[in-house]
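Here the sequence shown is numbered in our numbering, starting from 27 and rising by one per residue.
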Amino acid sequence: MQSAYEHYNNKIGVRLSYLLSDMDRCTDNSLAVMSYTAYKSKVDRCKDFKLRAGLGPGNEVLIAWDRMPDDWQKQCIARFGNPMPETSPMGRFFTMDAEAKRYYDQFQFEGSGEYLTPAQKKRYSINASVLNALKALKINREGQRRSKNGSLKGLWRSLTQDTLLFNDYLKSKHNIQHTLPNNQRSLARRFNAYLKCSYDALIDGRNNNTNAQVVTPEMIKLWKDIFAGQKNHKPTYFEVSVKYNQFLAGQADIINNLTGEVYDHTAECYRAASEGTVYSYQELWENRAVTHSLRSGDRQKFKGIYEPYHKLKQPEFAGSIISVDDRQPPFEYAPGKRMWFYNAIDLGSEAFTCWVYGETKEGIILDFYKQLVKNYAEFKVPMPHELEGEASLNSSFTSTFLENGAMFQRVRIEANNARGKKIESFYKKLRYGLEKLRMGWLARPFALAESNQAHNGKKEYLTKREIIEGCLIDIQTWNNSLHSDQELHPGMTRWDVFMDKQHPNLVATNWAGILPHLGESQKSTMKAGRIELQGKHRVVGFDGKVALGETLIAVMKRIEGQRVMIKWMEDNDGDVLKSFVYDLKDGSLICELLSDLEYSRATLEQTDSDLENRTLTSAYAATVQGYIRRNAAEIERITIIDRPQPVSTRFKMPGVKRYIPNGEPAGALEVAQVDDVEVMEKKATYRLDTASRF
27 MQSAYEHYNN KIGVRLSYLL SDMDRCTDNS LAVMSYTAYK SKVDRCKDFK LRAGLGPGNE
87 VLIAWDRMPD DWQKQCIARF GNPMPETSPM GRFFTMDAEA KRYYDQFQFE GSGEYLTPAQ
147 KKRYSINASV LNALKALKIN REGQRRSKNG SLKGLWRSLT QDTLLFNDYL KSKHNIQHTL
207 PNNQRSLARR FNAYLKCSYD ALIDGRNNNT NAQVVTPEMI KLWKDIFAGQ KNHKPTYFEV
267 SVKYNQFLAG QADIINNLTG EVYDHTAECY RAASEGTVYS YQELWENRAV THSLRSGDRQ
327 KFKGIYEPYH KLKQPEFAGS IISVDDRQPP FEYAPGKRMW FYNAIDLGSE AFTCWVYGET
387 KEGIILDFYK QLVKNYAEFK VPMPHELEGE ASLNSSFTST FLENGAMFQR VRIEANNARG
447 KKIESFYKKL RYGLEKLRMG WLARPFALAE SNQAHNGKKE YLTKREIIEG CLIDIQTWNN
507 SLHSDQELHP GMTRWDVFMD KQHPNLVATN WAGILPHLGE SQKSTMKAGR IELQGKHRVV
567 GFDGKVALGE TLIAVMKRIE GQRVMIKWME DNDGDVLKSF VYDLKDGSLI CELLSDLEYS
627 RATLEQTDSD LENRTLTSAY AATVQGYIRR NAAEIERITI IDRPQPVSTR FKMPGVKRYI
687 PNGEPAGALE VAQVDDVEVM EKKATYRLDT ASRF
């Protein structure tokens, strides 16, 4: 059904047919607050009452929302809902593209072997997701116009405007922004290239798409403070924009009444913003204030009474989806003191696949996701396709490892919705099944069933170790119990289903989306083609295979002798599970780090694995040696002869004689005549016998 609202020229408009009382001009759901004659009279008196003139089928007259009387606005909200969600028509088509995230995480530039930088990965993934939404919106809008025999003229103008304004929606809802062109022709060209070349069309290698205006959190906070923080004054969005621009120009000071701080208008975080941008963010704030109603003090009870629920079928395969949540087992180790657990359960197999515990919830969530990765690696199964969890502990990770395509292909975070997490129902079975049989079990204060109410005996306390061991034994018993659907999985336990019925279409674990956020960090240096980690020298590679040939040379050209950052994770035995090498400057992924290719020195003890490692080591070394020989052979022997330069002798140091050649050719010396008798006499003066030497 067509909406009563439409966004036009950065403003909200209400379709005229939803306000008229004339039977031949109004819709079936019209408010009937004025006649067509009254409308014409109103337009004559107030020119800006009409936001847009009628332009034919599909382009109805729009009445300016901010020029309508307050009671009309209230009736519109009551009948058609708040108009703000309608100002982003792309919102209902938008979702982060997991395949785009995965594609850009693993993309390499051909010939160089280099990966995209983290900033490029995020920008391209967002732009691809927005273009997907734009494609769906374009198809929907074309269908609506054709169904009414309307013209497609001006379609791209409206799509460009929606795409530009969609940045405000993204900032508010997802704290992200796209960098697509805001020019109609450029956007259409980019869109068509994306349809033709898919994800490759967005990779330009220049990282220079900076058209999108950046709205900082400090700007949004200041706008909200101006809008709602002034005593006895309620400014309009226009007044907020005017006051903010005066603040930027140094014409007005803004002071925090609580701290006495004077906001610095020259700070980097405060930037110029248009009136439309300020308007959009104020409306989003107002919308949140309205939708977060406090009419019900118990939100869960309110949802249970008024909101319809979904009937969802249980998955048939393991690995399709896991549900995660925290809980406090019903046992105390001191008055009011209970342990905290954070667990994951595979919904297809009903088996618990991860569990961590502690006295508090602080830090337990990161330990949980690290342990989840280690467990699935030990089980030798891929990471699950989908995750559902609560918002309180997980919301801060939705832009890192819980982004679609990183650790999981899809992530659903439920805020204040216990019904949205299937694990809650399994917790109930665990509490009233296995745990109820143990000593020290605590009943809920207001349990309805008499059998689940507290007994009349003395409360018992357990040690922390007893609580932990008991819970772990319960998980073991649970996993080894028969699956609830024996018709589908006859004779199989929950753990049997988990290990033997993994979904065949699960994708390999995206380590590039996990290690930067959950892995340990260590700086090291590549020397002679090896990098040290955990005191061991290791070789580089890609996709679990040792790098050889030009691939190895490309890596060595880039980081041989250079400091690099290693992101790695241990397995449950303390050995390196996975490790990647990153550039220290921009954080780009360079290569994978693999175990060194060691083999037995004694040939008698060498196994097939030793022989394979020996062959790989030889190839690894031969790659470097061959490169050196090939390039050394290109160097030719040369001789350098310096040309004598003329030296001035005009200045002479007094008292210093210097040899100056006369430049004449050399002549032969005359041989002196020596008397032979005189020579013999001189020779006779020497004795040659041995005795004369002592």
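C-beta: ideal position from N, C-alpha, C; glycine also.
Taking the Cα positions, residue 398 is about 21 Å away from residue 456.
In the structure shown, residue 546 adopts extended strand secondary structure according to DSSP, grouped into three states. For residue 605 against residue 559, the beta-carbon gap comes to about 6 Å, under 8 Å, which counts as contact. Taking every protein chain shown into account, the CB of residue 294 has fewer than 16 other CB atoms within 10 angstroms, so this residue is exposed. In terms of Cα proximity to residue 352, the closest of 342, 449, 413 and 363 is 449.
Annotated three-state conformation of residue 479 is coil, per DSSP. Residue pairing from DSSP places residue 378 in a beta bridge opposite 371. Assignment of beta-bridge partners to residue 515 by DSSP yields no partner. In this structure, the straight-line span from the alpha carbon of residue 69 to that of residue 536 is close to 60 Å.
For the 9 Å CB-CB criterion, residue 189 and residue 228 do not form a contact. For residue 512, the number of other beta carbons within 10 angstroms of its own is below 16, and it is reported as exposed. Taking the CA atoms as reference points, residue 599 sits about 16 Å from residue 546. Buried is the label assigned to residue 439, since at least 16 other Cβ atoms lie within 10 Å of its Cβ. According to the DSSP assignment, residue 594 belongs to the beta strand (DSSP E) that extends over 589-596. No Cβ-Cβ contact shorter than 9 Å links residue 596 with residue 607. Closest option to residue 149, judged by alpha-carbon separation, among 130, 672 and 252: 130.
For residue 606, the enclosing beta strand (DSSP E) begins and ends at 602-609. Here residue 348 is near residue 410, since their CB atoms are less than 9 Å apart. Rounded to the nearest angstrom, the gap between the Cα atoms of residue 401 and residue 394 is 10 Å. For residue 694, there is no enclosing alpha helix (DSSP H), as DSSP marks it with neither H nor E.
Residue 539 and residue 433 have their C-alpha atoms roughly 6 Å apart. Annotation: residue 580 to residue 566 spans about 11 Å, alpha carbon to alpha carbon. For residue 126 and residue 530, the gap between their C-alpha atoms comes out near 21 Å. Secondary structure at residue 621: coil, using DSSP grouped into helix, strand and coil. In chain order, 43 and 44 place their CB closer than 7 Å to the CB of residue 53, counting only its own chain and leaving out the 5 sequence neighbours on each side.
Within the same chain, 559, 591, 592 and 594 come within 8 Å of residue 548 by CB-CB distance, once the 5 residues on both sides are set aside. Within the stretch 62-114, the complete alpha helix (DSSP H) segments of 4 residues or longer fall at 62-71 and 96-106, listed in chain order. Here DSSP, grouped into helix, strand and coil, assigns residue 560 to coil. Distance from the CA atom of residue 403 to the CA atom of residue 378, rounded to whole angstroms, is 15 Å. Between residue 614 and residue 205 the beta-carbon gap is near 19 Å, outside 8 Å, which marks them as no contact.
The C-beta distance from residue 299 to residue 241 rounds to 7 Å, short enough to meet the 8 Å contact threshold. The C-alpha of residue 583 lies about 33 Å from the C-alpha of residue 429. With a 10 Å radius around the Cβ and a threshold of 16 neighbouring Cβ atoms, residue 158 comes out buried. For residue 155, the enclosing alpha helix (DSSP H) stretches over residues 144-173. As for any alpha helix (DSSP H) of minimum length 4 sitting wholly inside the stretch 170-235, the runs are 181-200 and 210-223, ordered along the chain. Contact check for residue 102 and residue 219: beta-carbon distance about 40 Å, past the 8 Å limit, so the pair fails to qualify.
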